[in-house]
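Numbering (my numbering), first residue to last: 176 to 305. Beta carbons: idealized from backbone N, C-alpha and C, even for Gly. These numbers come from a predicted model, not from an experiment. To keep things clear, I will list the structure first and then write my remarks on it.
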């Protein structure tokens with residue numbers, strides 16, 4: 176027979192293991208959903224709502240699995256997709272902004288500068304000057 180203290184520790188361990196399992200299931204589902212919807216959805220709340228979790232639970236799962244916040248994960252994915260047409264096409268910044276779900280090209284340019292450290296046009300010039 177276990178002491179009450181050992182029972183408490185065992186229950187706590189099982190609860191923690193259950194949480195870890197749940198978080199490990201959430202992250203891959205989040206990754207897939209971001210791949211499907213990054214051009215339409217930017218806020219973490221959209222993904223959390225679709226998956227049926229709170230923003231906090233989603234954020235914990237992404238942090239545990241990917242080592243970054245959910246917001247950073249989504250922004251990184253959007254920035255990566257923005258860089259592709261800047262390098263490989265002659266699409267306008269307006270067109271790229273629209274393709275990625277930004278209402279205004281200025282919002283896209285601010286976002287891109289925050290993520291890449293330069294404006295979209297500066298990025299394009301740097302990449303195509305090689």
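For residue 302, the enclosing alpha helix (DSSP H) has its first and last residue at 295-303. Of 235, 223, 215 and 231, the smallest CA-CA separation from residue 272 is found for 215. Taking each of 206, 265 and 295 in turn and checking the Cα distance to residue 243, the smallest one comes out for 206. Burial is judged here by how many other beta carbons sit within 10 angstroms of a residue's own beta carbon; residue 263 has fewer than 16 and is exposed. Excluding five sequence positions before and after residue 254, the CB atoms of its chain that fall closer than 8 angstroms to its own CB belong to 286, 287, 290 and 291, given in chain order. Residue 200 counts as exposed, since fewer than 16 other C-beta atoms from the protein chains shown sit within 10 angstroms of its C-beta. The C-beta of residue 269 has fewer than 16 other C-beta atoms within 10 Å across all chains shown, which makes the residue exposed.
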